[in-house]
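Quick note on this note's numbering: the sequence shown kicks off at 57 and runs consecutively.
Glycine is no exception: its CB is placed at the ideal position from the N, C-alpha and C atoms.
Just so we're clear, the structure is a prediction, and the values are computed from it rather than from any experiment.
Please read the structure below before turning to the comments.
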Amino acid sequence: MKAIAAMALAKPLTTHEILGAGIGVGTCVLLLGITRTIRLVIRYTPYPVIKGIQVGTGIKLMTKAADLVKLHPQWGGAQWRWFDNYEWALLSFVLVFALYRHPRFPTALLLFLGGLLLALLRVYAVPPADGPDRIAVPSAGFHYPRPDVPAWSDITTGFVTAGLGQLPLTLLNSGIAVCALAAELFPERSVTIESVTISVGLMNVVGCLFGSIPYCHGSGGLAGQYRFGARTEVSILVLGLFKLVLGVVFGASLVALLKVFPSSILGVLLFMSGAELAMAGRRYSIHLTPPLTPETEADRTRDFCVMVVTAGLLIGFSNDAVGFIGGLVVSWLFHMYPRVFRTLTLVNPTPPATAPDASGSPRLSGPPSYGSTAANSDECEAASPSTDDIATVGAHKPT
């Protein structure tokens, strides 16, 4: 929920207003899933636009990962940080790609445990001279969430201020993009957009009533889980159980440990998640199956252009909605061009070409041409997606 987080930092919003924004977004997404209205968004979203959202989101994750690594740019020297530096980032990067063709190997778990060990050593080690006197040590206890219901005014203020901007991002990245990626990664399993949106809505409505921050599914998280070996729901169950135990036992005292977790290792993990998500763009069109004809080649070129425009706008403006709308406009223009071109040439026919005959008098050089013959019109029509294609491509499973 990065839009809510950005507005919370910019305004700033109170805790209850942030919770209200999450409740408002969750309620809207929940209603769209229950009433199946979300299927209208899927139906009229061209497939290349979905791929553009995935590619743009993946590249944004990769740039954020690079920013994490650059937080402590040290290659040795007096200011070198032994627990977080470029050396750890380089070692993690090499390890990830050395085992890239072995996704079942628990690379992410190995890196996480290594980073956790460094963080624990940092917490219990003697602090540097220019650092804080002591980093807080996690303390065990019994912590549990308590109901924290925001007032109606907090809900309306939070939703209007931050929730409205977050709503389209949640529908695009946590709904449409997640379902498209799941269909590509697990074609043998059935994932519906209704189940995804209902789950997002429920966990925000219920969670925010107990003080949880707003959160949602993400195509980047799914790509990262898949990249590092997860193939079933067991990985999510184990992760969730692990987080629940840590939260109940240590509570907020874990924050100090998380703050010193090496950003160099975390950045590499995030980079790989973004790369895996961006690579979903390799299947950018529904016209990639053989045979290759001039018509399908033209379709592929247009679909690739739509995907690139969508991703570029998303990255440039740091807004999923801008990329989505821009991709829709370009896709619509490509779709309408053959029809508009044919209509204009029929209304304003091109004058027939003439050439002088043997006597020097001009004569017709061939049959009258009106800018586009019937055959050419059919080719233009075939080279662009039909209205039915545009309506159904959002739910199409790539081959």
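Tell me whether residue i sits in a helix, a strand or coil according to DSSP, three-state version.
i	result
Val52	The chain is shown only over 57 to 455; residue 52 falls outside these bounds and no answer can be derived.
Asp359	helix
Pro194	coil
Pro318	coil
Lys58	helix
Thr448	Residue placement at Thr448 is flagged as unreliable, the pLDDT there being 39, under the threshold of 50; a coordinate-derived value is accordingly withheld.
Arg95	helix
Ser268	coil
Gly274	coil
Lys67	coil
Gln222	helix
Ile109	helix
Ile342	coil
Leu289	In the sequence on display, residue 289 carries Glu and not Leu. Correct three-state label for Glu289: coil.
Gln281	helix
Near residue i, what residues of its chain come up, given a Cβ to Cβ distance below 7 Å and the 5 sequence neighbours on each side ignored?
i	result
Asp186	Caution is warranted here: a pLDDT of 48 is assigned to Asp186, below 50, making its placement in the model unreliable, and the coordinate value is therefore given only provisionally. No residues qualify anywhere along the chain.
Ala431	In this prediction, Ala431 scores a pLDDT of 40, lower than 50, which makes its location untrustworthy; the coordinate-derived value is nonetheless stated afterwards. Closer than 7 Å at the Cβ level, and outside the excluded window around Ala431, lies no residue.
Val164	Sequence check: residue 164 is Ala here, not Val. Contacts found: Phe284 and Leu325.
Does residue i pass the burial test, meaning 16 or more other C-beta atoms within 10 Å, or should it be called exposed?
i	result
Glu332	buried
Gly296	exposed
Phe266	exposed
Val85	buried
Met392	exposed
Val386	buried
Pro418	Unreliable positioning characterises Pro418 in this predicted model, as indicated by a pLDDT of 49, which lies under 50. The coordinate reading is nonetheless provided below. Its Cβ having fewer than 16 others within 10 Å, Pro418 is exposed.
Val81	buried
Gly372	exposed
Val461	Only positions 57 to 455 of the chain appear in the structure, and residue 461 is not among them; the question remains open.
Val262	exposed
Pro456	With the chain running from 57 to 455 in the structure shown, residue 456 is simply not present.
Since residue i and residue j are thought to touch, with beta carbons under 8 Å apart, how far apart are those beta carbons, to the nearest angstrom?
i	j	result
Met328	Val111	At roughly 16 Å, the Cβ-Cβ gap does not stay under 8 Å, so Met328 and Val111 are not in contact.
Ile74	Gly379	With a Cβ gap of about 25 Å, Ile74 and Gly379 do not count as contacting.
Leu117	Gly330	3 Å
Gly461	Leu69	Nothing about residue 461 can be reported from this structure: the residues present for the chain run from 57 to 455 only.
With a threshold of 6 Å on Cβ separation, who are the neighbours of residue i within its own chain once the five nearest residues in sequence on each side are excluded?
i	result
Lys107	Gly337, Tyr340 and Met363
Under 8 Å Cβ to Cβ from residue i, same chain only, skipping five residues before and after it: list those, please.
i	result
Ile232	Val97, Ile98, Thr101, Ile106, Ile109, Ile249 and Gly450
Val305	Ala196, Gly197, Phe198 and His199
Could you check if residue i belongs to the surroundings of the ligand PLP, using beta carbon to heavy atom distance under 8 Å?
i	result
Thr101	This structure does not include the ligand PLP; it has no bound ligands of any sort.
Say whether chain B places a C-beta atom closer than 9 Å to the C-beta of residue i.
i	result
Ala236	Absent from the structure: chain B. Only one protein chain is present.
(request) Run through the region 146 to 183 for me and flag every whole alpha helix (DSSP H) of 4 or more residues, listed as ranges in chain order. (result) Segments of the alpha helix (DSSP H) lying fully in the region 146 to 183: 163 to 180.
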